[in-house]
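*Asks:* Pasting a structure here, questions to come.
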Amino acid sequence: MFALDHIVILVRDLATAIDDYTALGFTVVPGGEHQGGASHNALIAFADDSYLELLAFQRPPLPTEQPSPLERRFRQRQAAGEGLVDFALLPEDIQGTIATAAGRGLALEGPFPGSRVRPDGQRVAWQLGIPQAPALPFLCADVTPRALRVPQGEVRRHANSVTGVAGLAVAVSDLGRYVEGYRSLLGVEPRPGPALPVPDAQGAHFMLPSAVIALVTPASGGSPLHNHLAQRGEGPFALWLHARDVARSGRLDPARSHGAWIEMVADDPSTAHLSAGWR
Numbered sequence: 001m002f003a004l005d006h007i008v009i010l011v012r013d014l015a016t017a018i019d020d021y022t023a024l025g026f027t028v029v030p031g032g033e034h035q036g037g038a039s040h041n042a043l044i045a046f047a048d049d050s051y052l053e054l055l056a057f058q059r060p061p062l063p064t065e066q067p068s069p070l071e072r073r074f075r076q077r078q079a080a081g082e083g084l085v086d087f088a089l090l091p092e093d094i095q096g097t098i099a100t101a102a103g104r105g106l107a108l109e110g111p112f113p114g115s116r117v118r119p120d121g122q123r124v125a126w127q128l129g130i131p132q133a134p135a136l137p138f139l140c141a142d143v144t145p146r147a148l149r150v151p152q153g154e155v156r157r158h159a160n161s162v163t164g165v166a167g168l169a170v171a172v173s174d175l176g177r178y179v180e181g182y183r184s185l186l187g188v189e190p191r192p193g194p195a196l197p198v199p200d201a202q203g204a205h206f207m208l209p210s211a212v213i214a215l216v217t218p219a220s221g222g223s224p225l226h227n228h229l230a231q232r233g234e235g236p237f238a239l240w241l242h243a244r245d246v247a248r249s250g251r252l253d254p255a256r257s258h259g260a261w262i263e264m265v266a267d268d269p270s271t272a273h274l275s276a277g278w279r
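All residue numbers for the sequence shown refer to this note's numbering, where the first residue is 1 and numbers rise by one.
Below, the structure written as structure tokens:
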């Protein structure tokens, strides 16, 4: 069984992104600097135990260093600008998951180590498993206690009333290929249809315990997915967040969200038609 661990939003300047997401009503916690110092982050943790990672590079790779597979994956997205770039699943057993996926024909690199140092000096460590396909999620498993990596307590309360992730739409060009890839990784069968309200899209979706992952591909020439795939390639397209306040429903200002398509869906009977079948 997998849980949605976190969703990565690449930003140019972390301090500016922290200010903007705070203005959108999120509680943002500085996360610290990653091993090697090439990047740093800030976290927006939710009551469902998932979080958003605001990630910024502080410098280009040094001639003498070899970027990790995950850093290379993120940097490949950097040229397309800010926005949603990746997401991670939390496996129960990362080594077992990688071995099982390999037995189903899906190769993941790893596990290999990752870490960062928080602003308070606490080192946080994890292990990663990285797929070759860009629209498959990576795996992230804690080495140090999860409570050190994922903010706890009152910081999970947000002025905009967000409680967690409802769903993530992942844009793909080859739907059949990715249905097989997700089936091999998750070990479950997909459900028909995109499930999420992506305009002019067709696809399939997979259910996680608290969220839906929808694979979406253009259904017509007018689909916004065409432009996304041309400019950014395959990968996360749009994110839906649960919120308690129905007045907060709608898409967040993309200038404030740094290019990330994020919509808030209220946990309210009047919006039940949007989330039907998500859970």
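Glycine included, every Cβ here is placed at the ideal spot set by N, Cα and C.
Near R149, what residues of its chain come up, given a Cβ to Cβ distance below 8 Å and the 5 sequence neighbours on each side ignored?
*Replies:* So the qualifying residues of the chain are V124, W126, D142.
*Asks:* Just confirm the distance between the C-beta atoms of R157 and T27, as a whole number of angstroms; I'd bet it's less than 8 Å.
*Replies:* Sure, about 7 Å apart at Cβ, within 8 Å.
*Asks:* Do P113 and Q95 come within 8 Å of each other at the CB atom, strictly closer than that value?
*Replies:* Contact flag unset, no.
*Asks:* Assign A255 to one of three DSSP states: helix, strand, or coil.
*Replies:* Note: A255 maps to coil in three-state DSSP.
*Asks:* Just list the residues that DSSP pairs S115 with in beta bridges.
*Replies:* The partner list for S115 (beta bridge, DSSP) reads A125.
*Asks:* What are the complete beta strand (DSSP E) segments, minimum 3 residues, inside the region 143–214?
*Replies:* List check, beta strand (DSSP E) in window: 162–171, 201–207.
*Asks:* Determine the contact status of T303 and H242, defining contact as a CB-CB distance below 8 Å.
*Replies:* Only positions 1 to 279 of the chain appear in this structure, which leaves residue 303 out of reach.
*Asks:* Taking its Cβ as the centre, do 16 or more other Cβ atoms sit within 10 Å of G176, making it buried, or is it exposed?
*Replies:* Counting Cβ neighbours within 10 Å, G176 comes out exposed, since fewer than 16 surround it.
*Asks:* Give me, in chain order, the residues of the same chain whose beta-carbon lies closer than 8 Å to that of T22; leave out the 5 immediate sequence neighbours on both sides.
*Replies:* Contacts found: V28.
*Asks:* Apply the 10 Å Cβ neighbour rule to E82 and answer buried if 16 or more other Cβ atoms are within range, or exposed otherwise.
*Replies:* Buried, because 16 or more other Cβ atoms sit within 10 Å of the Cβ of E82.
*Asks:* Hey, is the region 28–43 in contact with the region 114–121, meaning 3+ C-beta pairs nearer than 8 Å?
*Replies:* The region 28–43, when compared against the region 114–121, does touch it at the 8 Å Cβ threshold.
*Asks:* Quick one: Cα of T100 to Cα of P131, how far?
*Replies:* When rounded, the distance between both Cα atoms is 13 Å.
*Asks:* Would you mind stating whether A135 and G203 have Cβ atoms separated by less than 8 Å?
*Replies:* Contact: no.
*Asks:* Alpha carbon to alpha carbon, how far is A45 from R251?
*Replies:* Roughly 19 Å between the two C-alpha positions.
*Asks:* CB H226 to CB I213, shorter than 8 Å?
*Replies:* Not closer than 8 Å, so no.
*Asks:* Around the C-beta of G277, are 16 or more other C-beta atoms found within 10 angstroms, so that it is buried, or is it exposed?
*Replies:* Low per-residue confidence applies at G277: pLDDT is 35, beneath 50, and the placement is therefore not dependable enough to give any value.
*Asks:* What does the Cβ neighbour count give for V60, buried or exposed, with the cut at 16 atoms within 10 Å?
*Replies:* At residue 60 the sequence reads Pro, which differs from the Val that was named. Per the 10 Å Cβ criterion, exposed.
*Asks:* Helix, strand or coil for E109, going by three-state DSSP, please let me know.
*Replies:* Strand, per DSSP.
*Asks:* With the cut-off set at 8 Å, would you say A201 and A230 are in Cβ contact?
*Replies:* Contact: no.
*Asks:* Mapping the DSSP letters down to three states, classify A238 as helix, strand or coil.
*Replies:* Correct three-state label for A238: strand.
*Asks:* Measure the beta-carbon distance from L90 to A3 and round it to whole angstroms, keeping in mind my assumption that it falls under 8 Å.
*Replies:* Their Cβ separation, rounded to whole angstroms, is 4 Å, which keeps L90 and A3 in contact under 8 Å.
*Asks:* Quick check on DSSP: helix, strand or coil for P91?
*Replies:* P91: coil per DSSP, three-state reduction.
*Asks:* For A80, which residues of its own chain have a beta-carbon under 8 Å away from its beta-carbon, when the five flanking residues on both sides are left out?
*Replies:* Around A80: Q231, R232, G233.
*Asks:* Is DSSP giving L225 helix, strand or coil here?
*Replies:* In the structure shown, L225 sits in a helix (DSSP, three-state: H, G or I).
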